[in-house]
Structures are given as C-alpha cells and as structure tokens.
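Residue numbers (the working numbering): 308 to 575.
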Ligand code: PTJ
C-alpha cells in the first residue's frame, strides 16, 4: 500500500498517515467500515494521551515482550485495522518473538480473511493462520468465535489488539494469557487483559519488538521478573489519570480544557 504524500514536518503527520492507511484498508477490502469508526474513537483517546507512549505504556510493552518470549505458543491476532495500520510491523514482531500470526475478525467474511492473509504475505509473513477456522472460542456465536484449533485455539499467550470486550473476556476464560492493545483504558478488553497496553498500535507494536530484541538474551528468570514487576491495574489507572489531568504533551491546542475529573470514561 503506498502512503499518501504528507510532509513529515506537518504537525498532524502521524494522525493523517494513520487515517490514510485506514481509508486505503477499506478501499482494498481489508478493513471494515466499522474500522473507520473504531479508528475515530481511538484517535480521541490518543489526543487525550498527548499522542505519545506514556511511561506506564512503555512498561507494559516491555512486559508484553517478556511474556511473548516466555510463551510456548504465542499467537498475534490480526484484524482489519491492524492489517491496515501495521502490516510490516506485526510481521516483524512475530519474527522477533517466534509467534504465529492469525487473522481473526469481528466481522468475519471469507473475502476479507483472504485479503488480509494476502496483505500480510505481501509484507513477508509466512504460514498465516485463520483460514481453516476449525476451532472455536466457547461462549460466543459461531461467526465471532471461530479460530484455528492449532492457532489461537492452542495458544498460551495471545496478543489481541483493538479487540471487542466479549471476545477478550471469552479468551481470558479459556485460560489464555492476554495482551491487549487499546487506547481506551475504560474498555472491557484492556481491563480483562493480563497486560493492557494503553497506546496507539502504530507506536505500540514497533516498541514491543524493540523490547523483545533487547530481551533476546535474557534468561527465563529475568523475563519472569519483568512480567512480575508489571502491575496491570496501576497501568490502567495511570493512563486514565493522564487523560483526566490533561497532560496533553503539546498535542492539544493551548486553550484546551482538561476533562472533568468526575466525567466517567466510556465503558464498552
Ligand atoms: O476487522 P474486524 O472485523 O475484526 O473489526 C475490527 C474492529 C476494530 C472494527 C472491531 O473489533 C470493533 O468494532 O472494535 P471496537 O469495539 O470499536 O473497539 C476498538 C477499540 O480499539 C476501541 O476501544 C478504540 O479506542 C481502540 N482503538 C482504535 N484505534 C486504535 C485503538 N487502539 C489502539 N490503537 C489504535 N490505532
């Protein structure tokens, strides 16, 4: 996919590039139209975060890298938004932690499954799972619960970026260790996760890969210590605090008002 010409010094460069990628994903039959809405919601949270990786998210990204390296069978789940936004980056992460990639869609159609597998393969992926669909996540209807038995079905650790709350809960109930990337700390998916990453996927995935490369020679004991030092509740609370207190980090206009401390964050 060719990126549109946007000058790199444009103040909204990253945001415009992201929008273009999502639009192009819809045009190519990779991303669902609902994916556009999901992106808009994500952007609002990213704006409140200051469009940066806060320290607690960086800690989560390091813990995620350690957890993926410790796993016996890690799987990275790819939906239409992930495929449009970070196709090369998710392939690089799978290589760095020796994980399977599995296309797993909320709105599953065979055409979109195939288009995403092809797109990932064009970015260097091999043996992408998801098309077999011979397993299921208990507690969900067929369309939403279909997985590969030897992919997500058999995984011990699953990375599920931009996941819907029901499926995140059902996967956790199957005993999977879940790593969720989601910009909304009030959403059920990160609240269900062992490791919630409150960051934009375009920053999060390359940073998990960097941490994995940094931890490549660590012993299991050292990796376990990184995972154990991470506190999911603290990370969620820290992201919510940054958003409520309006530490915009330069991304917001000077007259932007901080959100009211009493306003609840949306729970999906
Ligand atoms: O391709 P499919 O059919 O599997 O559908 C994918 C979407 C994302 C459309 C589907 O899973 C969906 O409707 O998701 P939700 O319920 O809208 O949740 C998406 C979550 O991802 C929301 O909490 C958003 O804030 C968050 N989000 C959106 N864009 C980003 C993001 N989080 C991190 N990085 C983003 N770029």
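All C-beta atoms, glycine included, are put in the ideal place defined by N, C-alpha and C.
Using the rule of at least 16 other Cβ atoms within 10 Å of the residue's Cβ for burial, across every protein chain shown, is residue i buried or exposed?
i           : result
residue 507 : buried
residue 449 : exposed
residue 638 : This structure cannot settle anything about residue 638, because the visible part of the chain is limited to 308 through 575.
residue 388 : buried
residue 349 : buried
residue 514 : buried
residue 504 : buried
Does the Cβ of residue i lie closer than 8 Å to at least one heavy atom of the ligand PTJ?
i           : result
residue 364 : no
residue 350 : yes
residue 334 : no
residue 345 : yes
residue 522 : no
residue 453 : no
residue 415 : yes
residue 498 : no
residue 514 : no
Nearest by alpha-carbon distance to residue i: which of the options is it?
i           : options            : result
residue 411 : 329, 322, 314, 382 : 382
residue 489 : 483, 481, 499      : 499
residue 369 : 525, 550, 553      : 525
residue 456 : 407, 414, 487      : 407
residue 405 : 379, 384, 418      : 379
Would DSSP call residue i helix, strand or coil?
i           : result
residue 442 : strand
residue 484 : strand
residue 409 : strand
residue 394 : helix
residue 361 : coil
residue 567 : Unreliable placement is indicated for residue 567, whose pLDDT of 37 sits below 50; the coordinate value is still reported in the next sentence. Coil at residue 567, not helix or strand.
residue 327 : helix
residue 320 : helix
residue 468 : strand
residue 516 : helix
residue 314 : coil
residue 435 : coil
Report, in whole angstroms, the separation of the C-beta atoms of residue i and residue j, which I expect to be a contact under 8 Å.
i           : j           : result
residue 400 : residue 531 : Going by Cβ atoms, the distance from residue 400 to residue 531 rounds to 20 Å, so no, they are not a contact pair.
residue 483 : residue 464 : 7 Å
residue 452 : residue 443 : 5 Å
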